[in-house]
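Asks: Residue numbers (the numbering used here): 10 to 358.
Don't be surprised by glycine CBs; every beta carbon is placed ideally from N, CA and C.
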Ligand SMILES: Cc1ncc(COP(=O)(O)O)c(C=O)c1O
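1) Tell me the DSSP secondary structure of residue 59 in three-state form.
2) Using DSSP bridges, identify the partner residues of residue 335.
3) Give a single yes or no on whether residue 146 has its beta carbon closer than 7 Å to a heavy atom of ligand 1.
4) According to the neighbour-count rule (16 or more other Cβ atoms, all chains shown, within 10 Å of its Cβ), is residue 299 buried or exposed?
5) DSSP state of residue 125, grouped into three classes?
6) Which residues in the same chain as residue 312 place their Cβ atom closer than 6 Å to its Cβ, once the five residues preceding and following it in sequence are excluded?
7) Find the nearest neighbour of residue 77 within the set 344, 321, 84, 100, judged by alpha-carbon distance.
8) With H, G and I counted as helix, E and B as strand and the rest as coil, what does DSSP make of residue 94?
9) Do you know how far the Cα of residue 269 is from the Cα of residue 74?
10) Which partner residues of residue 160 appear in the DSSP bridge assignment?
11) Should residue 165 and residue 187 be called a contact, given that it needs their Cβ atoms to be closer than 8 Å?
12) State buried or exposed for residue 265, treating a residue as buried only when at least 16 other CB atoms are found within 10 Å of its CB.
13) Please report the distance separating the alpha-carbon of residue 189 from that of residue 354.
14) For ligand 1, any of its heavy atoms closer than 7 Å to the Cβ of residue 188?
15) Quick check: the Cα distance between residue 315 and residue 307, rounded to an integer number of angstroms?
16) Between which two residues does the beta strand (DSSP E) containing residue 77 stretch?
17) Do the segment 145-164 and the segment 23-39 meet, that is, are 3 or more Cβ pairs less than 8 Å apart?
18) Is it buried or exposed, residue 309, if we count other Cβ atoms within 10 angstroms and call 16 or more buried?
19) Shortest alpha-carbon distance to residue 55 belongs to which of 84, 211, 242?
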C-alpha cells in the first residue's frame, strides 16, 4: 500500500503495475480452479457474487422459475425471494432426513417446469456442513437446460474444484473463508453464458463490474487461495482429524449429544454442528463459552447477535428441545484446544 498505490485504470507506469497485479491474481485464481481467467470476476464477496448470479440468470438468461433449498445462506435466500415474484416463480427442493438435497425431487421439479429454470444450491452448508453432489446436480441441470449457480463460499480454498469439468454456470467464493482478506470474493461465470454488466459506470473487470478495484483484496485473495491449495492435502486431513476427535470426545463426555446434518458422512471437515439437550444451563452455553474465550456460533455467524434461531436448523430438525452450537476448525486449532472445550462444556452443562 505504500509502494504500489497506482490506480489500475491509469495508463502511466504506477497504474500499469497494479493492473498487472490484478491480472496476475486473476490468472492464478483461474489456474487453481481450472477455469479461464476470463471467467473470473472479482467482487466484494460471496453476497455480491450470489446476488449477481441470480439477477443475471433472471434478467439475462431467461430463467422464469427458481429452484433452491430452504437451507441456503441468506445471501441466496433473500435474493431469490426478491426476484421470485411476478412472472418468476420459486420452489424449494425436498430435503432428506440428514439434510441432503433430495435429487429425485429436484429432477421431478425440473421436469415439471417447461420454462427455463435457475437452480441455485450451495456446495456446502455453512451451518451444518452438508456437501452437495455438485456434479450430479449439474448433470441434471444440463439434462433440463437449466442454469446452475452454486454458492461455493464454504468450499473454495478447502476443496479441489475443477471448473472445466464441473457442469456449473456460476459459482461464488469469498476470501475470508480461507484466511484471505475480508470484503473480496469471486464470481465465476462460465464462458458459455453471456451476461450483462452488473455494476455500471466504468470499464473495470472487462466492463462488467464498474468501480476502482480492491487491489489489495484481490492480490490477497489470490495469495491466500494459492497457500490454501498448496497445503490442502496436509491441512484438510489434519482438520478432519480434529473434527473426528471432537465428535468422539463429545460423545464420551456429554450425555445425549447429537449432531446436525450428515456430520460423519458427506460433510465439510471444517464445521461441526452439535445439539445439546435444552436445560437452563445449556441455553446459556454460547454466552458462557464466550466468557471462557471459546469462540463458537449458534446459528449462522453472519447473523450472530440477532437472537432469531437458525432457519437451517429449523428446516432440517425443528426440535425445540435442543440447543445448537456450531464449532468451526482451522489448521491453527489443536487437539489440546478441543480437550479444553470439551472439559469446559462438561463443566458448563
Ligand atoms: C455459504 C455462504 N454464502 C455466502 C456468505 C456471504 O459471504 P460474504 O460475507 O463474503 O459476503 C457466507 C458467509 O459469510 C457463507 O457462509
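Replies: The relevant details are as follows:
1) helix
2) Residue 335 is bridged to 282, 306.
3) no
4) exposed
5) coil
6) At residue 312 the pLDDT is 41, less than 50, meaning the model places this residue with poor confidence and gives no usable figure here.
7) 100
8) coil
9) 30 Å
10) 181
11) Yes.
12) Flag for residue 265 reads exposed.
13) 31 Å
14) no
15) A caution first: residue 315 carries a pLDDT of 47, below 50, which makes its placement in the model too unreliable to give a value.
16) 74-77
17) no
18) With a pLDDT of only 42 at residue 309, under the threshold of 50, the placement of this residue in the model should not be trusted; the figure read from the coordinates follows. It is buried - the Cβ of residue 309 has at least 16 other Cβ atoms within 10 Å.
19) 84
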